[in-house]
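Quick note on our numbering: the sequence shown kicks off at 16 and runs consecutively. Every residue gets a Cβ at the ideal spot worked out from N, C-alpha and C, and that includes glycine. Encoded as structure tokens, the structure appears first; notes follow it.
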Amino acid sequence: MKRLKLGEYIVTDPDICHGKPTFKGTRIMVKQVLDMVAEGTAWDEIIAEYDGAISREAIAEAVRVASQSFSEKTAVRRAG
Numbered sequence: 016m017k018r019l020k021l022g023e024y025i026v027t028d029p030d031i032c033h034g035k036p037t038f039k040g041t042r043i044m045v046k047q048v049l050d051m052v053a054e055g056t057a058w059d060e061i062i063a064e065y066d067g068a069i070s071r072e073a074i075a076e077a078v079r080v081a082s083q084s085f086s087e088k089t090a091v092r093r094a095g
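Structure (structure tokens):
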């Protein structure tokens, strides 16, 4: 498996964080940020927590990708 671009800001790379989705150019796992969003952490606080290494646009993309994944899995279950 090689590096896979999941969006403008999100990638998977087997050499970084065991291939888990991360924000491009970082070792910040998307799941960590999505967990913070789910807990109600303000996006500006998340950005500050990671010293500006990710942007509002990157967080928004993570939420969109997660939402699309959820929608796709739900559609597959209904079709099956």
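Coil, strand or helix - L19 by DSSP: strand
Run the CB neighbour count on P36, radius 10 Å, all protein chains shown included, and call it buried at 16 or more, exposed below. buried
Mind checking which residues open and close the alpha helix (DSSP H) that includes I61? 58-64
What are the partner residues of V26, as DSSP defines its beta bridges? K20, T37
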